[in-house]
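Chains as they are written, first to last, in numbering that gives the first Met the number 0: chain A, 0 to 335; chain B, 0 to 335. Where a beta carbon is used, it is the ideal one built from N, C-alpha and C, also for glycine.
Protein chains: 2
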Amino acid sequence: MKVTIRDVAREAGVSVATVSRVFNGSGPVREPTRQRILEVADRLRYVPDSTARSLIMRRTGTLGVLLPDLYGEFFSEVIRGIDGAAQARGYHVLLSSSHANRNEIVAALRAMRGRVDGLVVMSPDIDVQGLSANLPESLPAVLLNCAVNGDAYDSLNIDNFGGAFAMVQHLLALGHRRIAMIAGPERNHDAAERLRGYRAALEAGGAEVRDEWVLPGDFTESGGHAAAQRFLELDPRPAAIFAANDAMAIGAISRLRDAGLVVPDDVAVAGFDDIPIAAYVSPPLSSVQVAIAELGSRAVERLVEAIAMKNQHVRRQEVLPTRLVIRASCGAPRSR
Amino acid sequence: MKVTIRDVAREAGVSVATVSRVFNGSGPVREPTRQRILEVADRLRYVPDSTARSLIMRRTGTLGVLLPDLYGEFFSEVIRGIDGAAQARGYHVLLSSSHANRNEIVAALRAMRGRVDGLVVMSPDIDVQGLSANLPESLPAVLLNCAVNGDAYDSLNIDNFGGAFAMVQHLLALGHRRIAMIAGPERNHDAAERLRGYRAALEAGGAEVRDEWVLPGDFTESGGHAAAQRFLELDPRPAAIFAANDAMAIGAISRLRDAGLVVPDDVAVAGFDDIPIAAYVSPPLSSVQVAIAELGSRAVERLVEAIAMKNQHVRRQEVLPTRLVIRASCGAPRSR
DNA sequence: TTGTAGGCGTTATCAG
DNA sequence: CTGATAACGCCTACAA
Chain A
0 MKVTIRDVAR EAGVSVATVS RVFNGSGPVR EPTRQRILEV ADRLRYVPDS
50 TARSLIMRRT GTLGVLLPDL YGEFFSEVIR GIDGAAQARG YHVLLSSSHA
100 NRNEIVAALR AMRGRVDGLV VMSPDIDVQG LSANLPESLP AVLLNCAVNG
150 DAYDSLNIDN FGGAFAMVQH LLALGHRRIA MIAGPERNHD AAERLRGYRA
200 ALEAGGAEVR DEWVLPGDFT ESGGHAAAQR FLELDPRPAA IFAANDAMAI
250 GAISRLRDAG LVVPDDVAVA GFDDIPIAAY VSPPLSSVQV AIAELGSRAV
300 ERLVEAIAMK NQHVRRQEVL PTRLVIRASC GAPRSR
Chain B
0 MKVTIRDVAR EAGVSVATVS RVFNGSGPVR EPTRQRILEV ADRLRYVPDS
50 TARSLIMRRT GTLGVLLPDL YGEFFSEVIR GIDGAAQARG YHVLLSSSHA
100 NRNEIVAALR AMRGRVDGLV VMSPDIDVQG LSANLPESLP AVLLNCAVNG
150 DAYDSLNIDN FGGAFAMVQH LLALGHRRIA MIAGPERNHD AAERLRGYRA
200 ALEAGGAEVR DEWVLPGDFT ESGGHAAAQR FLELDPRPAA IFAANDAMAI
250 GAISRLRDAG LVVPDDVAVA GFDDIPIAAY VSPPLSSVQV AIAELGSRAV
300 ERLVEAIAMK NQHVRRQEVL PTRLVIRASC GAPRSR
């Protein structure tokens with residue numbers, strides 16, 4: 000049978016209240032009594048039942064994390080950041096990932112109700128409106144990479160627009176005039192912002208903007224590969240490609256190489272995210288660096304704060320800066 | 000205030016027992032009554048409190064997952080497999096990752112006690128013995144990639160030895176006689192097995208085995224990069240490199256290229272894991288494919304089974320097969 | 001078919 | 001300082 004606080008109390012010759020006080024540091028307990036209780040508890044291998052605790056304390060000590068169907072290193076880095084920060088603050092992490100559409104997110108959200116003290120929700124799919132209807136007002140939450148409209152939620156975003164703008168600006172400065180883009184998923188917020196940054200930079204630089212130069216993609220290597228295929232059929236063919244993320248950039252480079260093109264001599268390529276592997280591919284990939292792990296840890300910090308404040312705090316919309324990392328893949332165009 | 004089962008009962012003019020029966024499908028309830036209760040519950044937005052449920056039912060509906068400090072795509076794939084399988088079976092996933100040493104694993108293990116119905120533990124660090132002392136006998140568990148000694152635990156392993164053996168055998172068949180290896184972390188079980196497979200294949204093939212050809216590594220790209228640096232200083236220099244994982248293989252290729260060497264013409268390279276990106280790097284990387292996501296989902300399947308059987312089932316030690324994926328990076332040596 | 005009442009293991013509020 | 005005892009929200013015999 001399971002050993003409960005009663006067993007310890009009986010064995011130590013005290014009441015359950017005293018045992019409880021010892022384990023919670025609440026209320027005073029005479030030192031000898033304390034020692035005896037601790038000794039007995041240890042001998043009996045007593046561990047407080049966390050379920051019973053959360054029932055009466057109305058606190059689970061758990062943070063819920065809802066993630067979409069993420070790929071590769073981005074996913075693991077975000078989790079690493081979240082998990083690390085949560086552990087540091089004494090919280091557990093209840094993870095639910097691979098949610099493709101809103102219905103799945105909402106379902107997962109309901110399933111987590113009551114099991115967590117707060118929620119980190121990453122839902123780059125554009126419709127957050129429906130989400131808000133299913134987010135209990137009482138449950139603290141931090142939104143990650145969402146198209147957040149007003150100041151109704153705590154949110155954390157990457158500076159997608161600024162990063163894309165800066166990278167395209169850099170490509171222009173290198174002398175590339177015709178720049179294609181491999182876009183991210185249709186309804187993805189990050190993807191949309193990066194596309195917007197691309198367009199804005201082209202306009203600001205007085206470069207040509209053509210719809211046919213925006214190739215559809217899906218954030219995967221194979222998607223980038225397929226997009227590069229379409230790129231090859233373009234006429235005239237742009238001199239550079241800006242991919243909405245690194246995975247697609249790498250997939251694209253693979254296809255270009257198969258076609259006998261040399262990056263960056265024939266086509267310059269740049270990505271977004273600066274995943275760890277970007278520095279090691281061939282040629283090393285220029286990218287827009289975002290502190291992925293920090294995105295996760297920062298979200299947890301904010302969430303824990305919101306929980307402590309019992310939601311009586313001021314909601315903030317934070318935007319994490321990006322940084323250009325220039326490597327060989329976007330080298331200056333072949334001089335002529 | 001929170002809406003409880005009592006509120007629903009009162010509002011519907013029945014007892015809490017009936018409401019409970021409706022929500023659990025336990026016991027018979029007259030249809031009209033059922034409908035009325037459901038309607039009231041819906042209107043009141045009643046959701047059963049999972050904490051109270053698990054307290055009395057002695058079941059949390061949650062699976063604990065303990066992972067070491069994993070890198071990149073391997074990590075995300077395992078999680079994807081675990082999470083998917085858990086969701087499919089109606090379980091939640093409590094994640095705790097980035098555990099470097101045994102102490103941390105043990106601490107996380109204690110912290111999870113009582114919060115989960117079972118445990119998936121991945122602990123490739125060689126000392127499982129200490130782990131067993133801290134695993135409550137009553138808690139079902141499945142060990143992943145552990146150096147499991149006997150049949151005391153349910154376990155799941157990759158065929159590290161067989162995969163490494165097959166790949167090195169393939170390199171030998173291509174005509175490479177001198178083959179170096181970039182090893183994984185010192186105390187890592189998978190790494191040790193892959194090294195053993197490498198050595199066995201060399202011996203079986205009558206090829207030379209030299210300790211200096213085993214370069215230390217740590218499963219990261221930068222580790223592979225550094226190992227390749229040491230490889231370049233070898234004299235005579237082997238014609239091929241077998242890296243204990245893909246990340247290191249990619250890091251190594253990067254360093255070789257910087258040195259002006261062409262893969263596979265000057266040096267053949269092969270990796271292990273076959274992470275998704277392996278097919279898209281330059282040159283495409285030959286690797287040993289393991290169904291990473293399946294490793295995770297299979298573990299969950301086994302765990303759920305163990306939970307259902309209340310640990311009264313026969314423990315099994317399962318080994319997942321690997322498959323050689325040959326791409327350009329290990330092409331035949333330059334003819335001469 | 002439905003209701004009553006006794007826990008599940010803790011914490012918290014009072015008295016003592 | 002310590003001990004009863006009432007919640008916390010729910011499930012489940014046992015009765016009716």
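For the pair P139 of chain A and N102 of chain B, the Cα-to-Cα distance works out to about 32 angstroms. By the criterion of a C-beta distance shorter than 6 angstroms, A269 of chain A is surrounded in its chain by M166, F241, S285 and C329, once the five residues flanking it on both sides are discounted. Neighbours of V280 of chain A in chain B, taken as residues at a C-beta separation under 8 angstroms, are given in chain order as I249, S253, V280 and S281. Inclusion of R297 of chain B and L155 of chain B in the CB contact set at 7 angstroms is warranted, their separation being smaller than that value. By the neighbour-count criterion, in which 16 or more other beta carbons inside 10 Å mark a residue as buried, I55 of chain B falls on the exposed side. For H91 of chain B, the secondary structure class from DSSP, reduced to helix, strand or coil, is strand.
Just measuring C-alpha positions, the residue of B:A327, B:R109 and B:V313 sitting nearest P283 of chain B is B:A327. Per DSSP, P47 of chain B lies in no beta strand (DSSP E) and is assigned neither H nor E.
For L284 of chain B, there is no enclosing alpha helix (DSSP H), as DSSP gives it neither H nor E. With a threshold of 7 angstroms between beta carbons, T50 of chain A makes contact with chain B.
Among the residues facing chain A, S25 of chain B is not included, as its CB has no counterpart in that chain under 7 angstroms away. By the Cβ-count criterion, Q311 of chain A is exposed, with fewer than 16 other Cβ atoms from all chains shown falling within 10 Å of its own Cβ.
For the stretch 75-97 of chain B, the beta-carbon criterion of a distance under 8 angstroms to any beta-carbon of chain A is satisfied by S75, I78, R79, D82, G83, Q86, H91, V92, L93, L94, S95, S96 and S97. Boundaries around M247 of chain A are those of the alpha helix (DSSP H), D245 to D257, since no beta strand (DSSP E) includes it. What V299 of chain B touches in chain A, judged by beta-carbon distance under 7 angstroms, is nothing: the nearest beta carbon there is about 13 angstroms away.
G149 of chain A is classed as exposed because its beta carbon has fewer than 16 other beta carbons within 10 Å across all chains shown. Non-local beta-carbon contacts of R322 of chain B in its own chain, meaning distances under 7 angstroms to residues more than five positions away in sequence, involve Q288 in chain order.
Residues of chain B with a Cβ closer than 8 angstroms to the Cβ of R5 of chain A do not exist; the shortest Cβ-Cβ separation is about 15 angstroms. The three-state reading of DSSP puts T321 of chain A in coil, since its state is none of H, G, I, E or B. By the Cβ test, the stretch 225-239 of chain B is in contact with the stretch 260-268 of chain B, since at least three Cβ pairs between them sit closer than 8 angstroms. S53 of chain A belongs to the set of residues whose beta carbon lies under 7 angstroms from a beta carbon in chain B. The residues N133, in chain order, have a CB closer than 6 angstroms to that of V105 of chain A in the same chain once the five nearest residues on each side in sequence are set aside. Going by beta carbons, S97 of chain B and D68 of chain B fall inside the 7 angstroms limit. Three or more beta-carbon pairs separated by less than 8 angstroms link the stretch 177-191 of chain A to the stretch 218-229 of chain A, which places the two stretches in contact. Along the stretch 197-228 of chain A, the positions whose C-beta sits under 9 angstroms from a C-beta of chain B are T219, E220, S221, G223 and H224, read in chain order.
Boundaries of the alpha helix (DSSP H) around F22 of chain B: V15 to N23. Cβ neighbours of P263 of chain A within its own chain (closer than 7 angstroms, five residues either side excluded): P282, A327, S328, C329 and G330. Chain A has a Cβ within less than 7 angstroms of the Cβ of E72 of chain B. Taking C-alpha positions only, F22 of chain B is separated from A146 of chain A by approximately 36 angstroms. Look at I291 of chain B: its C-beta is not under 7 angstroms from any C-beta on chain A. In this structure, DSSP gives N156 of chain A an extended state, which the three-state scheme calls strand.
In this model, A258 of chain B and E232 of chain B are separated by some 11 angstroms (Cα to Cα).
Within its own chain, the residues whose Cβ lies closer than 7 angstroms to the Cβ of R33 of chain A, once the five positions on either side in sequence are excluded, are V21, listed in chain order.
Looking at the DSSP output, G80 of chain B shares a beta bridge with no other residue.
DSSP places Q311 of chain A outside both helix and strand once states are collapsed to three, so it counts as coil. Within the same chain, G295 come within 7 angstroms of I78 of chain A by CB-CB distance, once the 5 residues on both sides are set aside.
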